[in-house]
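Q: Counting from 1 along the sequence shown, just add 24 to a position and that's the residue number in the working numbering. All residues carry an ideal CB built from backbone N, CA and C; glycine is no exception.
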Amino acid sequence: ITSDGPLVLCTGQQLELTASGGTEYLWSTGDTAAVITVAQPGTFSVIATNACGSDTAEVTVTQPPPPVAAIDGVLSFCAGGSTVLTASGGNSFLWNTGDTTASITVTAAGIYNVTVSDGCGTADAQVEVVIEELQITAIADPPSGTAPLTVFFTASASAPVAGWSWDFGQGPQPGPDAQSYLFPAPGSYPVVVSATGTNGCTGSLTLVVEVLPDGPSSVIVPNIFSPNGDGVNDLFTVISTGLAELDMAIFNRWGQQVATLDRPDRAWTGRTFAAEMVPDGTYFYVLKARGTDGRDHDLRGTITVVR
25 ITSDGPLVLC TGQQLELTAS GGTEYLWSTG DTAAVITVAQ PGTFSVIATN ACGSDTAEVT
85 VTQPPPPVAA IDGVLSFCAG GSTVLTASGG NSFLWNTGDT TASITVTAAG IYNVTVSDGC
145 GTADAQVEVV IEELQITAIA DPPSGTAPLT VFFTASASAP VAGWSWDFGQ GPQPGPDAQS
205 YLFPAPGSYP VVVSATGTNG CTGSLTLVVE VLPDGPSSVI VPNIFSPNGD GVNDLFTVIS
265 TGLAELDMAI FNRWGQQVAT LDRPDRAWTG RTFAAEMVPD GTYFYVLKAR GTDGRDHDLR
325 GTITVVR
């Protein structure tokens, strides 16, 4: 008995079986032709007869079960990480990512599905991958005040935490979820609180503590400086206390702006925006500033450049 293909019958397929060696045939199906068509699995036998006698032959046609697709892998990972998904149940694969390998590496959350085929049918499987983010919330009490300032910090996380650390400007140090810290001098201080979850994921949050001077804000604008490189009075700086904002424009006698200062700690070197030294003479300024105490400072005046 021969067939027109492998003796494997997929669902919905047909297979031709051909007997030879005789002039008359009797199949186990009752057919008497040399060629029969089968659509179901099973064992098929035939008796072939000729003038010299008869003989029997048989073949077994199998039908594999339909494929069952499955996806294995860790279905969650920390932010910035990845996971590997592996499909099974067939010998060819097509993921919704376009990949055609059994295993894929994913770095984003979402729905991942795969169609598997074993040559006799297809099946689908789907999983959802999530990213585990450790969200940190923290409170500084008080968030601002005059120096010296003691601030109490409390932190919490969106998932169980294995350990906390705090960075007050000297590097991260382990500690509990509640801390206090003394800020002795005025300034703006970033405080970073970090945590590692019991699942290995990490998170962090930065708080900014504003420490204000113990007194009213003030502004003094010098009226002369000598940018000649001798190391004495080479830079023009605004003398201030407790300023939160500063905007100072400097003009020549023709009303052309030659320089600007946009922070209390900035200095004018005597150069223009084009980095050219201004000539000696009188220059005019317009200054607008706001103190940490909420006070506004609006000043106008002259600056003399003398080398």
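Report back the beta-carbon spacing between T174 and L236 to the nearest angstrom; my notes put them in contact at under 8 Å.
A: Position 150 of the sequence shown, counted from the start, is the residue given in the question as residue 174. Position 212 of the sequence shown, counted from the start, is the residue given in the question as residue 236. Not really, about 14 Å apart at Cβ, beyond 8 Å.
Q: Please confirm if the stretch 133-142 is in contact with the stretch 112-119, defined as three or more CB-CB distances below 8 Å between the two stretches.
A: Contact between the stretch 133-142 and the stretch 112-119 is present, because at least three Cβ pairs lie under 8 Å.
Q: DSSP puts S204 in a beta bridge; with which residues?
A: For this step, residue 204 is matched to residue 180 along the sequence shown. Its beta-bridge partners are F176.
Q: Under 9 Å between the Cβ atoms of V233 and F249?
A: Position 209 of the sequence shown, counted from the first residue, corresponds to residue 233. Position 225 of the sequence shown, counted from the first residue, corresponds to residue 249. Cβ distance not < 9 Å, so V233 and F249 don't count as in contact.
Q: Determine contact between the stretch 261-278 and the stretch 308-327, defined as no fewer than three beta-carbon pairs at a distance below 8 Å.
A: With a cut-off of 8 Å, the stretch 308-327 and the stretch 261-278 count as touching, because enough Cβ pairs lie within range.
Q: Give me the residue from V32, A75 and S168 with the minimum Cα distance to T67.
A: Against the sequence shown, residue 67 aligns to sequence position 43. Nearest of V32, A75 and S168 to T67, Cα basis: V32.
Q: State the Cα-Cα distance for the pair A94 and G113, rounded to the nearest angstrom.
A: Numbered from 1 along the sequence shown, position 70 holds the residue referred to as residue 94. Numbered from 1 along the sequence shown, position 89 holds the residue referred to as residue 113. For A94 and G113, the distance between alpha carbons rounds to 6 Å.
Q: Give the DSSP-derived three-state secondary structure of P237 in the structure shown.
A: Against the sequence shown, residue 237 aligns to sequence position 213. Looking at P237 - three-state DSSP - the assignment turns out to be coil, as it is neither helix nor strand.
Q: Using C-beta distances below 6 Å, list every residue in its chain close to R295, excluding the 5 sequence neighbours before and after it, in chain order.
A: For the purposes of this step, residue 295 is taken as the residue at position 271 of the sequence shown. M301, listed in sequence order.
Q: Give a yes or no on contact between the stretch 140-154 and the stretch 198-212, applying the rule of three or more CB pairs nearer than 8 Å.
A: At 8 Å Cβ cutoff, the stretches do not touch.
Q: Going by CA-CA distance only, name the one from S52, D79, T84 and L323 that's closest to I263.
A: The residue given as residue 263 occupies position 239 in the sequence shown. Closest by alpha carbon: L323.
Q: Specify, as a first and last residue, the run of the beta strand (DSSP E) that A164 falls within.
A: Indexing the sequence shown from 1 puts residue 164 at position 140. I160 to D165 is the span of the beta strand (DSSP E), which, as asked, contains A164.
Q: Just list the residues that DSSP pairs E152 with in beta bridges.
A: Within the sequence shown, numbered from 1, the residue matching residue 152 stands at position 128. The partner list for E152 (beta bridge, DSSP) reads I135.
Q: Using the Cβ count rule (16 or more neighbours within 10 Å means buried), how would you classify P166?
A: In the sequence shown, residue 166 corresponds to position 142, counting from 1. So P166 counts as exposed.
Q: Indicate the three-state DSSP secondary structure (helix, strand or coil) for S106 in the structure shown.
A: Here residue 106 refers to the residue found at position 82 when the sequence shown is read from its first residue. Three-state DSSP puts S106 in coil, outside helix and strand.
Q: Going along the chain, which residues of its own chain have a beta-carbon closer than 6 Å to the beta-carbon of T73, five neighbours each way excluded?
A: Residue 73 sits at position 49 when you count from the first residue of the sequence shown. Around T73: G46 and E48.
Q: If you compare alpha carbons, which of Q194, A298 and P200 is closest to E186?
A: Locating residue 186 in the sequence shown gives position 162, where the first residue counts as 1. Sequence check: residue 186 is Ala here, not Glu. Measuring from the Cα of A186, the nearest candidate turns out to be P200.
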